[in-house]
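Residue numbers (numbering that gives the first Met the number 0), protein chains in the order written: chain A, 0 to 342; chain B, 0 to 342. Using N, Cα and C, we set each Cβ at its ideal position, and we do this for glycine too. Because the structure is a prediction, the values reported are computed rather than measured.
There are 2 protein chains.
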Amino acid sequence: MDSLTVALDVMGGDNGPLVTIPAAKMALEKMPYLQLTLCGDKSVIEAHLKHHNIVDHSRIEICHTSESIAMNEKPSIALRTKKDSSMRKALDLVQQGDANACVSAGNTGALLAIAHYVLKMLPGVERPALVSHLPITDSHRHAFMLDLGANVFVDSTTLFQFAVMGSVMAQEVDEIESPKVALLNMGEEDIKGSDHIRQTAVLLEQTEDINYVGFIEGNDIFSGKADVIVCDGFVGNIALKTCEGVAKLVMGKVMKIINENKFTRLLGVMLNPTLKNIVKRLNPDQYNGASLIGLRGIVVKSHGNATSSAFYNAIKEAVKEVDRQVPQKINHKLEQTLVKGHK
Amino acid sequence: MDSLTVALDVMGGDNGPLVTIPAAKMALEKMPYLQLTLCGDKSVIEAHLKHHNIVDHSRIEICHTSESIAMNEKPSIALRTKKDSSMRKALDLVQQGDANACVSAGNTGALLAIAHYVLKMLPGVERPALVSHLPITDSHRHAFMLDLGANVFVDSTTLFQFAVMGSVMAQEVDEIESPKVALLNMGEEDIKGSDHIRQTAVLLEQTEDINYVGFIEGNDIFSGKADVIVCDGFVGNIALKTCEGVAKLVMGKVMKIINENKFTRLLGVMLNPTLKNIVKRLNPDQYNGASLIGLRGIVVKSHGNATSSAFYNAIKEAVKEVDRQVPQKINHKLEQTLVKGHK
């Protein structure tokens, strides 16, 4: 792989450089072709680099910024007023071609608003979507789900575009030749759901390049029936957060039983890390980040309270998307399907 | 308790009398004040009663019907053409005052359509809702969630009514004095979500009799932050089915880890029944039925493939709602809140 540059919003997230700098160190160690541009307060970054004993700066550039965006800051205010923030600079670098991708654990709403404004949408794309992969029963595979919360409600054209974009993600990132694409609905029958979901189904059925497999219900998100699960951001966000809640509930009950007696408590010690890993994987932006797609550039969102290894995973995800040229492939696929749709 | 009568749709569900008759037997044994009217094919019912050694018919009446509604039958067709079906008769009996409640494991869409047509809505109620209780982290309590799928999308007036109805359910069925009512949303901030959710929040804030606690996200469904969780039927259905999917996924992973090693396998034997119980409880109509509320009568829906004990739980739920006069209480509360709203 040729060298590539990822711009990091070092100050973003609940813990800023405490998390992002160790993640940067890990990424540099594991990916020898990687260059990083660290956006944030120069003196803070330098202190953290020193603290982590990062002395070789040949693959690091620091882009000093004087502002940062608070986690609870209103997106419209952040967009208008924080032009010298670490998040804005990281996105500017992508837009200017000085970085191939941006990774941030900062304020999601601000990231959406600024990325939309700075990078612009791919031609013909109506709305960006947040996508991530979820674990499924077959542990060697994933399911890509989108939109996870970038948009509240969307029309059938946008849902259709989400399906196309998700299909490209599964093809490029997970190398699935012909990803099975499904629409999340409240029943599997054709008559179920809202008008715009049924209209999207009709559009997808007419699209040869998409392996559309129909409606699926919530209980099949993890069954492997689909590689790509499409819904609006409201439903996607609720479903995803519900997953997290259920996983915690189940784990809590399991741990309660385990802690009831001395012998099982011992076994619990063996099980605990694996169990925690399951819960973490059901919280995808904490696990490997969620990608913001549909834009003319690569943006990966890591969880606000991501650990260093989660932030590292998000960097890895960004690198993979650069390597596989995801935005270009999405653009190409959308052009193909749109051209066919107009015939 | 005075004697009360529940009409059973004996033929409904995937297994009809194979499940409903043993459940009826259990209910008669455990609830000495209970009378049952068994709706369905008389000869089939008599054969099953005989098979289960139910010889004392003093608390049983059979209401013969010549038709039954298939699980995949279109609701509108079932409503128009199946006037002598077991489901229709059971609902007719409630409407005529010959039964205090109806329990069915039949076709959900048909049950909704026929119940709506036969029983009619309570004055001022726009739409019925499916409600059930979910387990929460604190194992001594529940959270009531509605709508679980009776309606696709609803406006703020209807969401507000769901909140009021859910609050009454929690008060009457779970005897919570001032149930905490929350709206399910994609964020906790006031600015989040769709217009109609924000409008509902304003209505609830203005209503003194409702202990409205704000927006909650999917991960808090099970945390106990709310006793009543309100959403439209599309979101409710997706969230509920997602719960089932996640619980199965987590269980599968836990059991896989446990079975990997001889010592932990022993633990699996201890954990298995409790874990299975959690999954079952996360599928509430399989566990205790989902109630159809907002109607001028009590209707409890049991799962299509409910076991006898699940169908028995649904009968018990119906009896509790009769005892606590849930429809009357809902009517009263709605009148109160509407009167205040008009001031």
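query	result
Shorter than 9 Å from the beta carbon of residue 66 of chain A to some beta carbon of chain D?	This model lacks chain D altogether; the protein chains it does include are A and B.
Please report the residue range of the alpha helix (DSSP H) in which residue 308 of chain B lies.	307-322
For a test of the three-state rule: what should DSSP assign to residue 67 of chain B, helix, strand or coil?	coil
Taking any Cβ of chain A, which residues in the region 285-313 of chain B have a Cβ under 8 Å from it, in chain order?	none
Would you give the residue range spanned by the beta strand (DSSP E) that residue 271 of chain A belongs to?	Here residue 271 of chain A belongs to no beta strand (DSSP E); instead the alpha helix (DSSP H) covers 261-280.
What's the call for residue 16 of chain B, buried or exposed, on a 16-neighbour Cβ count within 10 Å?	buried
Candidates A/157, A/142 and A/24: which alpha carbon is nearest residue 127 of chain A's?	A/157
Does the Cβ of residue 167 of chain B lie closer than 8 Å to at least one heavy atom of the ligand GDP?	With respect to small molecules bound, the structure shown includes none, and the ligand GDP cannot be examined in it.
Mind listing which residues of the region 173-198 of chain B have their C-beta closer than 7 Å to chain A's C-betas, in chain order?	183, 185, 192 and 193
Check each candidate in A/264, A/238 and A/222 and name the one with the smallest Cα separation from residue 248 of chain B.	A/222
Whole alpha helix (DSSP H) runs in the region 96-168 of chain B with 4 or more residues, listed along the chain?	107-118
Within 9 Å (strictly less), CB to CB, does residue 219 of chain A reach chain B?	yes
Using a Cβ-Cβ cut-off of less than 8 Å, list which residues of the region 228-243 of chain B approach chain A; keep chain order.	230, 232, 233, 234, 236, 237, 238, 239, 240, 241, 242 and 243
Determine the closest residue to residue 149 of chain A out of A/324, A/290 and A/320, with distance taken between C-alpha atoms.	A/290
Within 9 Å (strictly less), CB to CB, does residue 13 of chain B reach chain A?	no
How far does the alpha helix (DSSP H) with residue 75 of chain A in it extend, from its first residue to its last?	74-80
From the beta carbon of residue 269 of chain B, is the nearest beta carbon of chain A less than 9 Å away?	yes
From residue 224 of chain A to residue 136 of chain A, what distance separates their C-alpha atoms?	10 Å
Who pairs with residue 206 of chain B in a beta bridge, going by DSSP?	Looking at the DSSP assignment, residue 206 of chain B forms no beta bridge with any residue, so it has no partner.
Using the beta-carbon of each residue, which ones in chain A are nearer than 7 Å to residue 273 of chain B?	252 and 256
Closest to residue 92 of chain A by C-alpha separation, out of A/6, A/321, A/21 and A/335, would be which residue?	A/6
Quick check on residue 56 of chain B: buried or exposed, where buried means 16 or more other Cβ atoms within 10 Å of its Cβ?	exposed
Starting from the C-beta of residue 27 of chain A, find all residues in its chain whose C-beta is less than 8 Å away, skip the five residues before and the five after it, and write them out in chain order.	33, 35, 53, 58 and 59
Since residue 296 of chain B contacts residue 118 of chain B with CB under 8 Å, what's their CB separation in whole angstroms?	4 Å
Does any residue of chain A bring its CB to less than 9 Å from the CB of residue 246 of chain B?	yes
Keeping to the same chain, check which residues put their C-beta closer than 8 Å to that of residue 335 of chain A; ignore five residues upstream and five downstream.	208
DSSP state of residue 193 of chain B, grouped into three classes?	coil
When Cβ atoms are compared, which residues of the region 96-109 of chain B fall closer than 7 Å to chain A?	none
So residue 277 of chain A contacts chain B; which residues on that side make the cut at Cβ distance below 7 Å?	249 and 252
Would you kindly work out how many angstroms separate the C-alpha atoms of residue 308 of chain B and residue 104 of chain A, rounded to a whole number?	48 Å
Going by CA-CA distance only, name the one from B/184, B/200, B/139 and B/133 that's closest to residue 160 of chain B.	B/200
Considering only the alpha carbon of each residue, which of B/162, B/264, B/11 and B/324 lies closest to residue 64 of chain B?	B/11
Is the region 246-265 of chain A close to the region 212-221 of chain A, with three or more CB pairs under 8 Å?	no
So, is residue 75 of chain B buried or exposed, given that buried needs 16 or more other C-beta atoms within 10 angstroms?	exposed
In chain B, what lies closer than 7 Å to residue 216 of chain A by C-beta?	240
Compare the C-beta of residue 222 of chain A against all C-beta atoms of chain B and say whether one is closer than 9 Å.	yes
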